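Residue numbers (the numbering used here): 60 to 212.
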């Protein structure tokens with residue numbers, strides 16, 4: 060059967076965005092490229108309580124989820140319908156959302172599919188540095204076959 064793609068987002072309870080997610084039952088996930096690292100960091104260190112960050116980027120809204128703001132400059136952006144909230148006591152919420160809409164900027168496509176070598180996404184690592192991704196390591200669903208005891212599986 061068809062499986063609905065989902066995102067799980069962890070958000071500290073003090074974050075301003077939580078209120079909007081809970082009130083509107085939706086959120087967006089924006090995948091920035093390497094050239095957006097300073098803007099991404101800025102968005103992480105400046106609170107929406109004090110600054111309207113939508114003034115710093117061009118924002119758009121999808122066809123179905125009209126309350127999930129998305130960044131026009133992000134390489135890929137997903138609008139998600141809130142499915143469940145997991146409350147981790149005094150520290151965090153986990154927001155689980157089903158992906159309803161996905162938008163990809165044309166410049167990040169190769170043969171009509173997102174191209175990780177063009178997107179150049181990055182991650183935040185616990186050592187307080189952003190780190191690049193994208194190098195091929197090994198073929199998925201293949202490299203582990205050599206470890207199988209019973210090769211007929």
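Heads up, the beta-carbon is just placed ideally off N, CA and C, and yes, glycines get one too.
Predicted model, so just to flag it, every value in this text is computed and none were measured.
Proximity of residue i and residue j at Cβ, strictly below 8 Å
{"i": "residue 167", "j": "residue 177", "result": "yes"}
{"i": "residue 151", "j": "residue 87", "result": "no"}
{"i": "residue 133", "j": "residue 175", "result": "no"}
{"i": "residue 77", "j": "residue 70", "result": "yes"}
{"i": "residue 130", "j": "residue 116", "result": "yes"}
{"i": "residue 96", "j": "residue 188", "result": "no"}
{"i": "residue 66", "j": "residue 139", "result": "yes"}
Cβ neighbours of residue i in the same chain (closer than 6 Å, five flanking residues each side left out)
{"i": "residue 194", "result": "none"}
{"i": "residue 64", "result": "158"}
{"i": "residue 143", "result": "155"}
{"i": "residue 145", "result": "153"}
Proximal residues to residue i (C-beta, below 7 Å), its chain only, five neighbours per side dropped
{"i": "residue 93", "result": "179, 181, 191"}
{"i": "residue 122", "result": "160"}
{"i": "residue 128", "result": "87, 113, 118, 120"}
{"i": "residue 80", "result": "86, 141, 154"}
{"i": "residue 126", "result": "83, 85"}
{"i": "residue 204", "result": "none"}
Identified DSSP bridge partners for residue i
{"i": "residue 71", "result": "151"}
{"i": "residue 167", "result": "Residue 167 is not bridged to any residue."}
{"i": "residue 118", "result": "130"}
{"i": "residue 89", "result": "136"}
{"i": "residue 146", "result": "152"}
{"i": "residue 182", "result": "190"}
{"i": "residue 162", "result": "136"}
{"i": "residue 157", "result": "65, 140"}
Distance cut-off 7 Å: residue i Cβ against heavy atoms of the ligand ADP
{"i": "residue 190", "result": "Judged by which ligands are present, the structure shown has none, so any question about the ligand ADP falls away."}
Neighbourhood of residue i by C-beta distance below 8 Å, restricted to the same chain and skipping five residues each side
{"i": "residue 173", "result": "134, 135, 163, 167"}
The region 139-158 in contact with the region 105-115 per 3-pair CB rule at 8 Å:
no
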